[in-house]
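Encoded as structure tokens, the structure appears first; notes follow it.
Protein chains: 2
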Amino acid sequence: MSTFREVGERDAIRKIMGVIRPSPDNGPLDDAAIVNTEGKLAICSDGLTFDRHMTPTMTYEQFGWMAGAVNFSDLASMGARPTGILASLMMPPDLDIDDICDIMDGIDRCAEFCDTYVIGGDTKEGTGSVVCTAIGNMEDRKPMTRHGANPGDMIAVTGELGSPAAGWHSMNNGLGLEEAEYSLNVPVPRVNEGMAMAGSGAVTSCMDLSDGLAEAAWAICNASHVGMEIRREFLPMGYGVEEVHESLGVPLDDLLLYWGGEYELVFTFRKDMIKQLYGNRVPFTIIGQVTNGDRPTVSDIDGTEVLRHGIY
Amino acid sequence: MSTFREVGERDAIRKIMGVIRPSPDNGPLDDAAIVNTEGKLAICSDGLTFDRHMTPTMTYEQFGWMAGAVNFSDLASMGARPTGILASLMMPPDLDIDDICDIMDGIDRCAEFCDTYVIGGDTKEGTGSVVCTAIGNMEDRKPMTRHGANPGDMIAVTGELGSPAAGWHSMNNGLGLEEAEYSLNVPVPRVNEGMAMAGSGAVTSCMDLSDGLAEAAWAICNASHVGMEIRREFLPMGYGVEEVHESLGVPLDDLLLYWGGEYELVFTFRKDMIKQLYGNRVPFTIIGQVTNGDRPTVSDIDGTEVLRHGIY
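Chains A and B supply the protein sequences, listed in that same order.
193 is the number that this note's numbering gives to position 185 of the first sequence; each next residue is one higher, with no gaps.
56 is the number that this note's numbering gives to position 48 of the second sequence; each next residue is one higher, with no gaps.
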């Protein structure tokens with residue numbers, strides 16, 4: 009046990025950098041990392057803070073994983089193949105150096121899961137935040153954006169919804185829904201799915217659900233100048249959602265529509281190209297259709313509009 | 009006057025993004041920015057915190073400029089042409105939204121100075137830190153790293169040393185050395201100089217002086233497995249250095265060798281190619297020579313070794 013302050017910044021950085029797998033393309037870290045690229049590159053940057061993003065049951069390694077995953081998820085939503093990640097750590101001086109190494113290890117494990125490497129960054133004194141920047145190669149795929157949806161397109165999501173939300177309620181109420189809690193602390197970025205989607209040529213717009221399905225639907229509608237009709241009964245429910253709804257009375261919509269911290273992808277695609285999605289083995293569930301409107305609607309099984317506005 | 013908390017994150021982001029110049033290559037911001045690249049790309053990420061990096065006289069705009077400049081400086085030390093910057097802001101909820109906009113404006117101005125754009129990032133609640141990630145294109149230039157120095161190479165720096173250090177002492181002691189104080193708050197990244205150096209083909213290693221000349225010399229010696237003989241009387245003294253030394257008794261070495269936050273470049277080059285440096289209009293001052301040793305030395309005019317070890 010020795011704190012960041014005791015170890016000192018220089019030795020701390022040496023120790024922390026010792027945690028990560030060496031990248032085959034980057035030697036000892038220079039002022040900047042060098043990446044070989046061809047064509048279009050995707051790049052994104054997003055940060056987490058201890059205060060806001062560390063759940064009570066989360067390990068430091070899981071915090072690091074999440075700091076990587078939120079960025080790889082953004083790459084996934086564009087259809088990019090990850091080619092590296094940079095990690096900028098701002099750590100409290102009284103934090104144990106081994107905990108900081110665990111954070112870096114978590115980032116590195118997430119990078120490994122995405123078949124890439126930590127290629128740079130820095131560590132300095134701060135109040136407990138990690139900002140990662142992920143880069144990825146589009147190869148021959150067209151980037152999936154928010155602004156390509158057209159009326160008539162189908163709307164779909166990868167995977168199931170609501171598990172991280174259910175995990176959060178489970179954790180706070182001792183429900184012991186382990187799979188849901190794990191999905192909250194260790195989100196899986198849909199990198200392969202994103203590449204398969206972009207590679208299919210069928211997808212017209214895509215976003216990840218890091219701000220929740222309702223927010224994402226609004227963002228695509230605004231950017232694409234379209235409307236959406238989403239059917240609530242089509243939404244695939246993940247681990248623990250029904251249990252949390254039944255045992256705690258949490259409204260299903262709160263779990264499925266308004267919860268940030270979900271890392272599935274929502275996307276629109278050309279109906280006449282659905283075979284290309286199957287051909288590329290994209291796992292998906294259709295949840296609605298793009299319309300000529302100017303905003304998303306979510307309708308109940310009896311046709312009642314259920315989407316709340318402006319309060320999330 | 010309205011604080012970040014009062015405005016709310018979503019509207020705050022809209023307002024903050026309204027500050028920056030729109031990039032010709034990036035439309036409305038998607039989950040990730042798309043960059044056209046060819047060949048090698050340089051990428052780096054570095055953060056600043058209010059606590060540690062905001063000087064008493066610094067404006068929020070200058071803080072933003074500095075957050076950009078430290079990253080563009082890292083690109084400069086590789087010889088890359090900046091092609092974009094991402095800014096991840098973690099802002100206290102009680103900070104005025106206009107101050108946050110000023111930070112973003114400062115980043116954007118620094119990007120404009122470097123002939124590029126803010127292409128992404130995010131803003132969320134935090135304790136006051138900005139992490140930027142800059143990317144740049146190597147075009148046909150070979151990246152300048154820390155590990156290419158060879159015995160016999162000359163050692164040089166761009167510009168003059170010690171002004172930011174002098175500015176810091178001036179500020180704290182009311183000396184009123186305006187140019188020095190300005191150089192502390194508004195560092196100039198040596199982007200054009202870096203590109204010219206890399207383009208000359210003469211440079212064998214390079215770093216910026218963000219951790220001070222002594223640290224940089226150690227880093228190049230360690231990475232290149234060489235020694236260095238630096239002559240103290242060759243070090244070019246910047247604005248205010250002599251004044252601070254004389255009026256406050258601060259040792260010259262503290263100002264010239266051990267001060268971080270200097271954004272000149274130190275580099276080594278092949279003696280027989282000095283004409284290519286002149287031909288590329290690289291401004292530089294020779295400060296010493298690379299040796300067969302294993303560490304840097306800095307000798308006084310009478311030959312006394314003056315470099316302190318392990319205490320900075």
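Ideal Cβ positions, reconstructed from N, Cα and C, are used throughout, including at glycine.
Taking the C-alpha atoms as reference points, what is the distance between residue i and residue j?
i	j	result
Arg240/B	Ser81/A	51 Å
Leu264/B	Leu221/B	7 Å
Met236/A	Leu243/A	14 Å
Lys279/A	Val314/A	25 Å
Ala224/A	Asp104/B	28 Å
Leu169/A	Leu94/B	30 Å
Glu276/B	Thr212/B	The identity of residue 276/B in the sequence shown is Thr, whereas the question assumes Glu. Using only the alpha carbons, I get a separation of about 5 Å.
Val194/B	Glu187/B	10 Å
Ala50/B	Ile143/B	6 Å
Ala174/A	Gly72/A	22 Å
Gly207/A	Met245/A	27 Å
Leu273/A	Ala157/B	48 Å
Leu260/A	Asp310/A	16 Å
Cys109/B	Val139/B	15 Å
Gly134/B	Asp59/B	12 Å
Gln284/A	Tyr190/B	59 Å
Trp226/A	Phe292/A	20 Å
Met281/B	Gly301/B	23 Å
Met146/B	Met25/A	25 Å
Gly209/B	Val234/B	20 Å
Ile238/A	Tyr266/A	14 Å
Tyr247/A	Gln70/A	19 Å
Val27/A	Met9/B	45 Å
Met74/B	Val290/B	23 Å
Pro36/B	Ile111/A	Residue confidence is low: Pro36/B scores 49 on pLDDT, short of 50, so the model does not pin down where it sits. No coordinate-derived value is stated.
Tyr1/A	Leu83/A	This structure cannot speak to residue 1/A, because chain A is shown only from 9 to 320.
Val165/A	Val165/B	55 Å
Ala312/A	Arg22/B	For the sequence presented, residue 312/A should be read as Thr rather than Ala. Those two C-alpha atoms are separated by around 32 Å.
Does the distance from the C-beta atom of residue i to that of residue j stay below 8 Å?
i	j	result
Ser178/A	Val249/A	no
Thr141/B	Asn44/B	no
Cys122/B	Ala41/A	no
Pro151/B	Tyr271/B	no
Ile100/B	Gly136/B	Rather than Ile, the amino acid found at residue 100/B in this sequence is Pro. Cβ distance < 8 Å, so Pro100/B and Gly136/B count as in contact.
Arg154/B	Ala231/B	yes
Thr124/A	Thr91/A	yes
Asp39/B	Ser96/A	no
Gly87/A	Lys132/B	no
Glu119/A	Gly76/A	The residue asked about is misnamed: residue 119/A is Ala in this sequence, not Glu. Yes, the pair counts as a contact, with Cβ atoms nearer than the cut-off.
Closer than 9 Å, Cβ to Cβ, to anything on chain A: give me those residues from the stretch 287–307 of chain B, in chain order.
none
Count Cβ pairs between the stretch 54–67 of chain A and the stretch 156–172 of chain A that sit closer than 8 Å; are there 3 or more?
Taking 8 Å as the limit for Cβ pairs, the verdict is that the stretch 156–172 of chain A does not touch the stretch 54–67 of chain A.
Complete runs of the beta strand (DSSP E) confined to the stretch 126–175 of chain B [at least 3 residues]:
126–133, 137–145 and 162–165
May I ask you to list, following chain order, the residues of the stretch 44–61 of chain A that have a beta carbon less than 8 Å from some beta carbon of chain B?
Taking 8 Å as the Cβ-Cβ cut-off against chain B, the residues of the stretch 44–61 of chain A that qualify are Asn44, Thr45, Glu46, Gly47, Lys48, Leu49, Ala50, Ile51, Cys52, Ser53, Asp54, Gly55, Thr57, Asp59 and Arg60.
Should the stretch 120–133 of chain B be regarded as contacting the stretch 181–190 of chain B, the criterion being three or more beta carbon pairs within less than 8 Å?
no
Touch check for the stretch 283–302 of chain A and the stretch 91–110 of chain B: three-plus C-beta pairs under 8 Å?
Output reads no: the stretch 91–110 of chain B does not touch the stretch 283–302 of chain A.
Taking 8 Å as the threshold, find out whether the stretch 304–313 of chain B comes into contact with the stretch 202–216 of chain B through three or more Cβ pairs.
no
Decide if the stretch 197–216 of chain A is in contact with the stretch 255–264 of chain A; the criterion is three or more beta carbon pairs, one per stretch, under 8 Å apart.
no
Using 8 Å as the cut-off, can you tell me whether the stretch 111–125 of chain A makes contact with the stretch 15–22 of chain A, which would need three or more C-beta pairs spanning the two stretches below that distance?
No, because fewer than three Cβ pairs between the stretch 111–125 of chain A and the stretch 15–22 of chain A fall closer than 8 Å, the two stretches do not touch.
What residue ranges within the stretch 94–128 of chain A form continuous beta strand (DSSP E) runs of no fewer than 3 residues, ordered along the chain?
Runs found: none.
Short-range partners of chain B found in the stretch 123–136 of chain A, where Cβ spacing is below 9 Å:
Ile127, Gly128, Gly129, Asp130, Lys132, Glu133, Gly134, Thr135 and Gly136
Interfacial residues, the stretch 207–238 of chain A to chain B, with Cβ spacing under 7 Å
Met215, Asp216 and Ala231
Restricting to runs no shorter than 4 residues, where is the alpha helix (DSSP H) found entirely within the stretch 21–79 of chain B?
58–61
Name the residues in the stretch 87–112 of chain B whose C-beta lies less than 8 Å from a C-beta of chain A; which are they?
Of all residues in the stretch 87–112 of chain B, the ones placed with a Cβ closer than 8 Å to any Cβ belonging to chain A are Ala88, Gly92, Leu94, Ala95, Ser96 and Met98, in chain order.
What residues in the stretch 157–186 of chain B bring their beta carbon closer than 8 Å to a beta carbon of chain A?
none
Along the chain, which unbroken stretches of the beta strand (DSSP E) at least 3 residues long are found entirely within the stretch 242–295 of chain B?
DSSP runs (the beta strand (DSSP E)) wholly in the stretch 242–295 of chain B: 273–277.
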